[in-house]
Each structure stands twice: as structure tokens, then as C-alpha cells.
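Notes follow once the structure below has been shown.
Number of protein chains: 2
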Amino acid sequence: MKSLVFYQGEPGSFSEEAAQVYFRASASLRPCAQFRDVFRLVSLSRHHSGIVPIENTVFGSIHETYDLLLKHPVSVVGELSLRIRLNLLALPGTRLRDVRRIYSQPQALGQCEDFLRRMEGVEVHAFHDTAAAARMIREEKLRGAAAIAGTRAGRRYRLSVLKQGIETNRRNFTRFIVISRSKVIPVKHPKTSLVFATRDTPGALFKALAVFAMRDLNLLKIESRPLIGRPWEYLFYLDVEGSPDDLPLKQALNHLRELSIFIKVLGTYERSASAA
Amino acid sequence: MKSLVFYQGEPGSFSEEAAQVYFRASASLRPCAQFRDVFRLVSLSRHHSGIVPIENTVFGSIHETYDLLLKHPVSVVGELSLRIRLNLLALPGTRLRDVRRIYSQPQALGQCEDFLRRMEGVEVHAFHDTAAAARMIREEKLRGAAAIAGTRAGRRYRLSVLKQGIETNRRNFTRFIVISRSKVIPVKHPKTSLVFATRDTPGALFKALAVFAMRDLNLLKIESRPLIGRPWEYLFYLDVEGSPDDLPLKQALNHLRELSIFIKVLGTYERSASAA
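Chains as they are written, first to last, in the working numbering: chain U, 38 to 313; chain F, 38 to 313.
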């Protein structure tokens, strides 16, 4: 059986780029319309993998991905950080002053807010995907229109770059995770991601973190997510150095189970050099 | 001098609704184009206030608001949680099957993804503001078009509700903060928000949280924000019960200063009953 890698988005999207960077030439990539499709397809077979964004330096954690990780029998087996560089792309021969309409994905439009404000009299249209906007301009040969998308989408759909790097925040990185039904045992720089909820008692979070600190395990990410309507209940997202195959983290997780009302280890994987 | 309340967005927006709910009839509300305009105008005079979103249960923390809080000489003086209920609005007489184009703000479109997927053959257009989309439909008398916006925008621009509550996630709340150059001293349920960065040493975060736990101060929010490119550096967002006017929190903050390379207390304010 051929092993496939599913990603959300279109060919030319940042997710496809993340998949190509991570898997090199070894994988057959398959686009999916929705994040949930990626999780469903990866759940079906041990041969397949998926790659989805989990965190962006500008927008923060992608809660939908965490929610899907809680629901599906998959593990995080790898990670990758990708710089999100956005360009204004149009059919060759188009000049910046010819552009009357700009198409892109809503968050990408938001990331280019400063640039768009300077483009007076230009209509801005939301599209479901950055790469899909580039494709539409090529397929429908739209004159006077431009897409905001990555370099890869521009190359794929043979569009010219009217303006490069138009995102407001240059420290714009997205961290992607690789998911699979098969767990991996990373040999170096292991990192473990988990979600847990504590009892509603004072100092509960502090005690939960103590189980790691007492064993000199470094936390790489901690985030409380309020469950509104239940004002004293939270989910916590936590990334910690180490693997549950090593005694300190194994003992820490056992200890955390004593203190939590819910815990799910999302996976242990090699920490990417570029990922925070 | 008349005291003004600045908010980002258009009349009829959720930010205006938050301002009206929080300030009742007592305030003169003024819309601003950008978050940064709200902060700039509030910085100019002790008489004015502003209201801006800081966290959404679906999308998480709004980092732009945190960044602006770090840059401007303003304090958080209040908070309010608002349920974000989205409706499909159109000119009276329009039927659901007549709708060919839908306009809304990018995040609102994202929140209605499931509904939009079922609307086959409908074009979806991004607009900078939910209420502005409703206003355009009224002003340009657009037939065959609908806006996704709140109930208040529908009433203001005399549009009919074609479909109510079309957001995918019903637990969709936005927490707004009230900002001012003048600090307040809350008499009941005080809550303090701060941002800090720790030294890059193992257990640094744990020690930082210990300063609160050792004084029985309850944490209401904790979030690490990676500074990508500097893989071992983080900012932490923290909300804690109490006021620095009371000894335990005052001592905890002094203690935290010993352990931090940077700390800014964003404000102390009355905790809203509905806010997590």
C-alpha cells in the first residue's frame, strides 16, 4: 500500500509547502478541503500521515487542530516551522496600478492589512485558500486582479510577483505538526505535547506544573483555554521536553494523572530546530 | 470636557455592543478604523476610555491587543464577555434561495464555515467589518446579497434576519477589555493582568508561577507566546485574582520582578461575572 500525506488546502498552499519540506521527495501528497478530512483520512490507515498547522506567531494557537487531536486516534509524530511570506501575484504584464481587485484567504488578508490600506480604491475579496486565489487568476485569466499568496503558488500558477513580502509582521511563522496513527520513538531532542484539565481547586495549575519542574523537565509551551460558561474550568495545552519512554517524564505524567480530571498525550516527536 | 469611549469597528458592530452594554447610557461612543487608533486616542486624555477585544473562545488570544497594551500608557480598567451570535441578514423581502452573494468580516465568515458550505453556488466576499457589510447592503440596496453580522447591525440597518445563529460553535464568546489612562481601584473581585518574560533557565516559568501559588493567589489565565527566531524566549500572559493594593499580590509581583527580565502590569479591574 502506498503511503500518502494529506494536507488541508490546495496545491501551492503553505500546507503543501510544509509537507514537501518535511517529507522531501518521499511522499505522495493529497490535498483535502477541511482539517477534519485530514484527520479522518489519517485515522483510516497506519500507512498514511497528515500535516496541519497548530500555531502561528501572529494569531496564536489553532484551537480547531487541538480539538481534532482530542477527537481522533492519531498522534503527533513531527513538527516543522515555516516562515509565512506573502506576495501580491498577478498575470504577467500586470502593473501594480492596474490592480482593481485582490483575492486571498481571510487571515492572509488580515496579515497584509497595512499594505491593503495603502491600495486605495481596490476591492478586497475573501477566498477560501491563498493558493486557490492564485489558481483562479490563472484559470480565469483575470486582468486587473491580483492574489495574495506564497511564492510557491505564484510559481505553480505562473503568476508574476508584483510585490514581495507584503505581510505586516515579518516574524510570521506557522508551526505545523505531522500526524499519524502509528507512534514514533524519536531518537534525539524528544518533545511531548499534551492536553489536560485540572480539578477546580486553588493552585491546581501550579501543582500540575510542579510535576514537571520537580523532575527538571523544561516546559516549551503552556496555554490555558477557558471553557466559557464554565468559568472555573480550563483546558491546558502543554509542550514539554522529553519522552514518556524516559523515566522522568513517565513519572511526571503518572503524577499529573493523580492531579488531573482529564489528560491526553498527543504525541512525542523530534523537536524541530527552527520551532520554538 | 466630555468623556468619550472609542471602539474599533462600525456602529452596529460587536465592539459597539460591548461598549453599550458596559457603559450603558452614560457614554458617547466613537468608532475608530483600527485598534491602534483606539489606543492612541485613549492615550491622549484621562477623560476618555476605549474598549477592545482581547480573547475569543474559538480563536484564542488577540495578540495585537496585547502588543498595543505593551506599547501605550494605558491600563486595563474593566472587562466584559459578549456572546458572538451571527445571523444572515438581507433587505426585507429577500428569501434564502435568492441569496447569490454573502459579505462579512473574514473571521465571521470562518465562524460560519459549516453554514456557508451548505450554500452552494453562493459567492463569499470579505468585508472589513460585519456591521459595515450590513450597512452596505442597506445603502446600496443590494438585492440577492446578504451580510453575516450581529442582531444589532441588522436592527440598525433595517435588514431582515434570513437565518439566526449560523455560527458553527455556539460557545463563541469574545472577552473585551476597557482601557484608560486613569487606573481604577476595584472594590470587589479584583483581577490583575500582566505580561512578563523570564530568564532562559530550566524551571524559570515554574518559579514564576510559584510566587503566586505560595501566596494562594489563583491564576485565571496563563499563556506562553513564543518569540520565533529566539527559540528559548517567551512572553507570558497571566491573569491572577487579586489587586497589587493588597499585600499578597504586591509581594508576589515584587518576587516576580526578581525572576523576570521584563514585567508590565496591564491593569487591575473588577472581574466580570460572565468572563472566565
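Backbone N, C-alpha and C fix where the C-beta goes; we use that ideal spot for every residue, glycine too. Since we're looking at a predicted model, the values are computed, not measured.
Cβ closer than 9 Å: which chain F residues qualify as neighbours of residue i?
i: S197 (chain U); result: Under the 9 Å cutoff, chain F gives no residues; its nearest Cβ is about 24 Å from S197 (chain U).
i: G97 (chain U); result: F96, G97, S98, I99, H100, E260, R262
Please tell me whether residue i and residue j are closer than 7 Å, where the distance is taken between their beta carbons.
i: L231 (chain F); j: L275 (chain F); result: yes
i: L126 (chain U); j: A186 (chain U); result: yes
i: S52 (chain F); j: Y59 (chain F); result: no
i: T305 (chain F); j: R208 (chain F); result: no
i: I203 (chain F); j: L123 (chain F); result: yes
i: K258 (chain U); j: S261 (chain F); result: yes
i: A55 (chain F); j: V42 (chain F); result: no
i: F233 (chain F); j: L246 (chain U); result: no
i: A70 (chain F); j: Y140 (chain F); result: no
i: H100 (chain U); j: F76 (chain U); result: no
i: G97 (chain U); j: G97 (chain F); result: yes
i: A163 (chain F); j: P143 (chain U); result: yes
i: T211 (chain U); j: I121 (chain U); result: yes
i: G49 (chain U); j: R193 (chain U); result: yes
i: V114 (chain F); j: V198 (chain F); result: no
i: L254 (chain U); j: V277 (chain U); result: yes
i: L105 (chain F); j: F72 (chain F); result: yes
i: S112 (chain U); j: K39 (chain U); result: no
i: A250 (chain F); j: G240 (chain U); result: yes
i: V248 (chain U); j: A190 (chain U); result: no
i: P281 (chain U); j: Y271 (chain U); result: no
i: P68 (chain U); j: F213 (chain U); result: no
For residue i, count neighbouring Cβ atoms within 10 angstroms of its own Cβ and tell me buried if that reaches 16, exposed if not.
i: T229 (chain F); result: buried
i: T102 (chain F); result: buried
i: T167 (chain U); result: buried
i: T238 (chain U); result: exposed
i: P129 (chain U); result: exposed
i: H226 (chain F); result: exposed
i: F299 (chain F); result: exposed
i: A170 (chain F); result: buried
i: I222 (chain F); result: exposed
i: R154 (chain U); result: exposed
i: S86 (chain U); result: buried
i: G158 (chain U); result: exposed
i: R308 (chain U); result: buried
i: L286 (chain F); result: buried
i: E116 (chain U); result: buried
i: L303 (chain U); result: buried
i: H84 (chain U); result: exposed
i: L133 (chain U); result: exposed
i: E92 (chain U); result: buried
Starting from residue i, trace the beta strand (DSSP E) both ways and give me its first and last residue.
i: Q45 (chain U); result: 41–45
i: L119 (chain F); result: 112–120
i: E54 (chain U); result: Run containing E54 (chain U): none in the beta strand (DSSP E); it sits in the alpha helix (DSSP H), 51–60.
i: D276 (chain U); result: 271–278
i: Y321 (chain F); result: As shown, chain F starts at 38 and ends at 313. That puts residue 321 (chain F) outside it, with no answer to give.
i: I31 (chain U); result: For residue 31 (chain U) there is no data in the structure shown, the boundaries of chain U being 38 and 313.
i: R212 (chain F); result: 210–217
i: E157 (chain F); result: It is not in any beta strand (DSSP E) - E157 (chain F) carries neither H nor E in the DSSP assignment.
i: A234 (chain U); result: 227–235
i: R252 (chain F); result: No beta strand (DSSP E) holds R252 (chain F); DSSP gives it neither H nor E.
i: A127 (chain F); result: 124–127
i: E260 (chain F); result: 256–263
Could you tell me which chain F residues have their CB closer than 7 Å to the CB of residue i, listed as they occur along the chain?
i: E47 (chain U); result: None at all; the shortest Cβ gap to chain F is about 16 Å.
Using a Cβ cut-off of 8 Å, pull out every chain U residue sitting near residue i, in sequence order please.
i: N255 (chain F); result: P239, G240
At 9 Å on the CB atoms, spell out the chain U contacts of residue i, in chain order.
i: S219 (chain F); result: The contacting residues do not exist; S219 (chain F) stays about 28 Å from chain U at best.
i: F243 (chain F); result: F243, L246, A247, F249, A250, M251, L256
Which residues of chain F have a Cβ atom closer than 8 Å to the Cβ of residue i, listed in chain order?
i: L146 (chain U); result: P143, A163
Alpha helix (DSSP H) containing residue i: first to last residue?
i: R77 (chain U); result: 72–81
i: R189 (chain U); result: 188–193
Residues of the region 56–76 of chain F with Cβ closer than 9 Å to any Cβ of chain U, in chain order: A70, Q71
Under 7 Å (Cβ pairs) to chain F, residues found in the region 185–209 of chain U: R208
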